[in-house]
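Sequence lines, in order, name chains A and B. Its first residue numbered 35, the first sequence is counted upward by one per residue in this note's numbering. Its first residue numbered 899, the second sequence is counted upward by one per residue in this note's numbering. All remarks here apply to the structure that follows.
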Amino acid sequence: MSARQGLGTLLYSCALRAFPSSHRAEFRPEMVESFEHALAAHRLERGRLRAAGFAVAASLDAVVAGWGERRRRVARTGHAFTGFGRDLRHAARALAQARTFSAVCVISLGLGLGAVFAIWMFTSSLTAIPQGIQPDRLVEIVIQPQGPLRAAGVTAVTAARATAGLHISPQPRLHGQQGTIVPCAGYTRGCRVLRHPRHATPQWTRDHRGRRRGQRSRCRHLRVPRTRAVPGWDRAGRAGARADGLVGTPI
Amino acid sequence: MATSPDPTDLIPLKHATYQVLLALADDQLHGYAIMQALTRMTGGRETILPGTLYAALARMADEGLVEKIPAPDTEASGGPKRRYYQRTPFGCDVARAESERLRLLLDVAHSQNIVTERSK
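Printed below as a string of C-alpha cells:
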C-alpha cells in the first residue's frame, strides 16, 4: 500500500464514522476493501490525480450516505435518543463504581446550589414588594390640617392609615408648612375619588414617579386616578382615633 | 395472515436502489462486484460509490428487495469475509414496476422528440 493510497484509506475510514456504529460493525471491512479496490483501479486507469479525486468524492459520499442511514434508523426505531440513553446508563454505572468521587460531586453541587439559593432568598427578601402594595398605583397625598385642627396647633399629619384597602405609610416622607406627604397604595377596586378629611385639606397627590396628580383644591373631593376612598378624620386629631376611614396623628 | 407487500408502494425508487437491482440481475454478488457490474453494464457511464452502495444494501435488505446469502466455498479474496446478495422475487417485481414507470416517462419524451432513436 502506497502512502497516497494509505492517506485515501485513512480519509475514507474517517468518513465512515458518519454511519451508525451497528452499520460500521457489519459493513466497514467490506466498505474499506471495496474502496481500496476502486481506488487502485482508478490509479491504474486514470492516474493518481483522478484517484485522489475519487478518494475525496467517495469520502463525501460516505458522509452523506452515513447521515442518511442514521436518519433512516431513527425513523425506523421511532426515537432519536438511543445513543443518549446509552450514555446516561454508562454515566450511572461509572458514578456507581466511583462512589467517593460521586459523593464529593453531589456534596459540592448541593453546597453550591444551597449557597446560591440562600443569597437569592436574602436579596429577594430585601427588595421584594410587600404584599398588598401595587407599585403602579403608588401616590403621595399632601394633607394640610384646616379649621379646628389648625386652630388647635396641628400643622401636619405624621401618620395616617385607612381602612377598606387604603394603606398609608405610618412614616411621613415630608412634613412642613405645606403639610405632610405620605405614600399610600393598595386602593380597593372601584375606588376613584379620595375625599379629604373633614379638617384636613388635601393639597395634591403624587404618583410613584413624583408627578402631581391633583392641584390644590378646596372641594370635598380630590380626584385620584383609578382610586376611590372615603377617609374620615378624627375631629380632635387624637392619635389612633379612627373615623370612618382615615386615622391620623397630629404632631 | 400477513399480506404480501405491493411493489408500487416503493415506487419511485431511489436511483441507487434501482442501480443495485439492475446490477444484481440474477447473480449473487458481493459489494465490490455490484460496483463493477454496474460500471460494466453501463459502459462506465453509471457508477456507484461504496458509501451509497452499502447504505442502499442495508436499506434494501430491510425492505426485502435483496437477501444476504452465505459466501460460496470458492470465495478466496484474502480480505474480510464478504457478504453476497441476490434479488428476491419481490425485488424483481419492484424493479419491473420501476422500469414500467420509467418507460412511461420515456414514451412521453419520445412523443416530444426529446429522445432520439440513437440515444434510445
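Ideal Cβ placement from N, Cα and C applies to all residues, glycine included.
Q | Inter-residue Cα distance where the pair is D971 (chain B) and Q926 (chain B) | A | If you take the alpha carbons of D971 (chain B) and Q926 (chain B), they lie about 13 Å apart.
Q. If you draw a straight line from the C-alpha of G81 (chain A) to the C-alpha of A995 (chain B), how long is it?
A. If you take the alpha carbons of G81 (chain A) and A995 (chain B), they lie about 40 Å apart.
Q: In the DSSP assignment, find the unbroken alpha helix (DSSP H) run with I932 (chain B) in it and report its ends.
A: Run containing I932 (chain B): G929 to M939, per the alpha helix (DSSP H) assignment.
Q: Give the range of the beta strand (DSSP E) segment to which Q917 (chain B) is assigned.
A: Per DSSP, Q917 (chain B) belongs to no beta strand (DSSP E); it is in the alpha helix (DSSP H), H913 to L922.
Q. So what does Q984 (chain B) bridge to, in DSSP terms?
A. Note: Q984 (chain B) sits in a beta bridge opposite B:E965.
Q.
Between R51 (chain A) and chain B, is the shortest Cβ-Cβ distance under 8 Å, so that the two count as touching?
A. Chain B contact via Cβ: absent.
**Q.** Simplified DSSP state of D241 (chain A), which is helix, strand or coil
**A.** Since pLDDT at D241 (chain A) reaches only 46, below the 50 mark, its modelled position is unreliable, and no value is offered.
Q: Taking only the alpha-carbon atoms, compute the straight-line gap between H1008 (chain B) and L1000 (chain B) and give it to the nearest angstrom.
A: In this model, H1008 (chain B) and L1000 (chain B) are separated by some 12 Å (Cα to Cα).
Q: Note down, in chain order, all residues in the region 99 to 124 of chain A with a beta-carbon under 7 Å from any beta-carbon belonging to chain B.
A: When CB distances to chain B are screened at a threshold of 7 Å, the residues of the region 99 to 124 of chain A falling below it are A99, G100, G102, E103 and R106, in chain order.
Q: Reducing DSSP to helix, strand and coil, say where L1027 (chain B) ends up.
A: Because chain B in this structure spans residues 899 to 1018, residue 1027 (chain B) falls outside the shown range and cannot be described.
Q) Do the region 134 to 150 of chain A and the region 82 to 92 of chain A touch if we need at least three Cβ pairs shorter than 8 Å? A) The way I'd put it, the region 134 to 150 of chain A doesn't touch the region 82 to 92 of chain A; fewer than three beta-carbon pairs between them come closer than 8 Å.
Q) Straight-line CA distance for G213 (chain A) to A162 (chain A)? A) Its pLDDT being 44, under 50, G213 (chain A) is placed unreliably by the model, and nothing is read from it.
Q) Roughly how many angstroms separate the alpha carbons of A72 (chain A) and T937 (chain B), rounded to a whole number? A) Going by the C-alpha atoms only, they are around 11 Å apart.
(Q) Distance check for T157 (chain A) and R107 (chain A), CA to CA, integer angstroms please. (A) The alpha-carbon atoms of R107 (chain A) and T157 (chain A) are separated by roughly 51 Å.
Q) Is it the case that the Cβ atoms of Y982 (chain B) and S68 (chain A) are separated by a distance below 8 Å? A) Not in contact: Y982 (chain B) and S68 (chain A) (Cβ atoms no closer than 8 Å).
Q. Relative to chain B, which residues along the region 82 to 93 of chain A have a C-beta separation below 9 Å, given in chain order?
A. The residues in question are F88, A91, A92 and S93.
Q. Whose C-beta lies closer than 7 Å to the C-beta of A52 (chain A) among residues of the same chain, with five residues either side of it excluded?
A. Hits under 7 Å: A96, V97, G100 and W101.
(Q) On the DSSP letters alone, give me the boundaries of the alpha helix (DSSP H) that F135 (chain A) sits inside. (A) It spans R133 to T161 - the alpha helix (DSSP H) in which F135 (chain A) sits, taken as one unbroken run.
Q) DSSP state of E944 (chain B), grouped into three classes? A) It is coil, neither helix nor strand.
Q.
Quick check: what's the CA-CA separation for A49 (chain A) versus Q934 (chain B)?
A. Looking at the two C-alpha atoms, the distance is approximately 22 Å.
Q: Out of A:E64, A:A126, A:A109 and A:A130, point me to the one whose CA is closest to T43 (chain A)'s CA.
A: Cα-wise, what sits closest to T43 (chain A) is A:E64.
(Q) Just checking: is the beta-carbon of H57 (chain A) within a distance shorter than 8 Å of some beta-carbon in chain B? (A) Cβ-Cβ to chain B under 8 Å: yes for H57 (chain A).
Q. Counting only runs that start and end within the region 63 to 132 of chain A, where is the alpha helix (DSSP H) found for 4 or more residues in a row?
A. Whole alpha helix (DSSP H) segments, 4+ residues: 82 to 111 and 116 to 131.
Q. Using the beta-carbon of each residue, which ones in chain A are nearer than 9 Å to R981 (chain B)?
A. E60, F61 and E64, listed in chain order.
Q: Return the Cβ separation of V992 (chain B) and L908 (chain B) in integer angstroms, given the expectation that the two are a contact with Cβ distance under 8 Å.
A: About 5 Å separates the CB atoms of V992 (chain B) and L908 (chain B); that is less than 8 Å, so the two are in contact.
Q. By a C-beta neighbour count over all protein chains shown, 10 Å radius and 16 as the cutoff for buried, is T915 (chain B) buried or exposed?
A. Buried: at least 16 other Cβ atoms inside 10 Å.
Q: Mark H928 (chain B) as exposed unless 16 or more other C-beta atoms lie within 10 angstroms of its C-beta, in which case mark it buried.
A: Burial is judged here by how many other beta carbons sit within 10 angstroms of a residue's own beta carbon; H928 (chain B) has at least 16 and is buried.
Q) According to a CB-to-CB cut-off of less than 7 Å, which residues of the region 65 to 78 of chain A neighbour chain B? A) The region 65 to 78 of chain A vs chain B, Cβ under 7 Å: M65, E67, S68, F69, H71 and A72.
Q. From G942 (chain B) to G119 (chain A), what does the alpha carbon distance come to, in whole angstroms?
A. Near 46 Å, if we compare the C-alpha coordinates of G119 (chain A) and G942 (chain B).
**Q.** Buried versus exposed, by CB contacts within 10 Å (16 or more), P1053 (chain B)
**A.** Residue 1053 (chain B) lies beyond the stretch modelled for chain B, which goes from 899 to 1018, so this question has no answer here.
Q: Answer yes or no: do A89 (chain A) and G949 (chain B) have a C-beta to C-beta separation smaller than 8 Å?
A: Between A89 (chain A) and G949 (chain B), the gap from beta carbon to beta carbon reaches 8 Å or more.
Q: Please check if any C-beta of chain A sits within less than 8 Å of the C-beta of P948 (chain B).
A: Under the 8 Å criterion on CB atoms, P948 (chain B) is classed as interfacial with respect to chain A.
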